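To start, the structure itself, in structure tokens.
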Amino acid sequence: YYWPNFFRDASKWVDKCEAYQTFVEGPKLASLPLKPVVSEEPFQKWGLDFIETLNPPLIAGHTHVLIAIDYFTQWVEAIPVNSTTSEVVCNFIKENILV
Numbered sequence: 379y380y381w382p383n384f385f386r387d388a389s390k391w392v393d394k395c396e397a398y399q400t401f402v403e404g405p406k407l408a409s410l411p412l413k414p415v416v417s418e419e420p421f422q423k424w425g426l427d428f429i430e431t432l433n434p435p436l437i438a439g440h441t442h443v444l445i446a447i448d449y450f451t452q453w454v455e456a457i458p459v460n461s462t463t464s465e466v467v468c469n470f471i472k473e474n475i476l477v
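When you number the sequence shown by the working numbering, it's gap-free, plus one each residue, and the end is 477.
In structure tokens, the structure reads:
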């Protein structure tokens, strides 16, 4: 099946879509260049982040995953959690990184 000007037509259709216009972001700002995170020895610097709103939830009902990565070794620690509070993060650090 061939549709001449498909991308142009699809773009026009999306631009007129009311649902899309409700959720589309405004003009994006130019992003800054990325700077590497430098770590001089293992376990000196960690990055932490959440994978949020798992749908459907995991088997045990967890809706988020907390992930930590050591910048030097690329070692990863991750646990399923039910919330993204600072208490959850502190307990994760105490139980999974500082032990």
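We put the CB at the ideal spot given by N, CA and C, even for glycine. Computed from a predicted structure; not experimentally measured.
Could you have a look at residue i and say whether DSSP puts it in helix, strand or coil?
{"i": "F421", "result": "coil"}
{"i": "A388", "result": "helix"}
{"i": "E473", "result": "helix"}
Considering just the uninterrupted stretch of the beta strand (DSSP E) at residue i, what are its terminal residues?
{"i": "E465", "result": "Careful: E465 lies outside any beta strand (DSSP E), inside the alpha helix (DSSP H) at S464 to F470."}
{"i": "A438", "result": "That residue, A438, is in no beta strand (DSSP E); it is neither H nor E in DSSP."}
{"i": "E455", "result": "V454 to V459"}
With 16 other CB atoms within 10 Å as the buried threshold, where does residue i fall?
{"i": "L444", "result": "buried"}
{"i": "F470", "result": "buried"}
Look at residue i and residue j and say whether their C-beta atoms are less than 8 Å apart.
{"i": "N460", "j": "T441", "result": "yes"}
{"i": "K413", "j": "Y449", "result": "no"}
{"i": "P458", "j": "L436", "result": "yes"}
{"i": "P420", "j": "T451", "result": "yes"}
Taking 8 Å as the CB-CB limit, is residue i close to chain C?
{"i": "H440", "result": "The chain labelled as chain C is not found in the depicted structure, where only one protein chain is given."}
Does the Cβ of residue i lie closer than 7 Å to at least one heavy atom of the ligand NAP?
{"i": "S409", "result": "Absent from the structure shown: the ligand NAP. Ligands present: none."}
Tell me, to the nearest whole angstrom, how far the beta carbon of residue i is from that of residue j; I am working on the premise that it is less than 8 Å.
{"i": "E455", "j": "I429", "result": "Going by Cβ atoms, the distance from E455 to I429 rounds to 13 Å, so no, they are not a contact pair."}
In terms of residues, what are the limits of the alpha helix (DSSP H) holding residue i?
{"i": "A408", "result": "Here A408 belongs to no alpha helix (DSSP H), and DSSP marks it neither H nor E."}
{"i": "E396", "result": "E396 to F401"}
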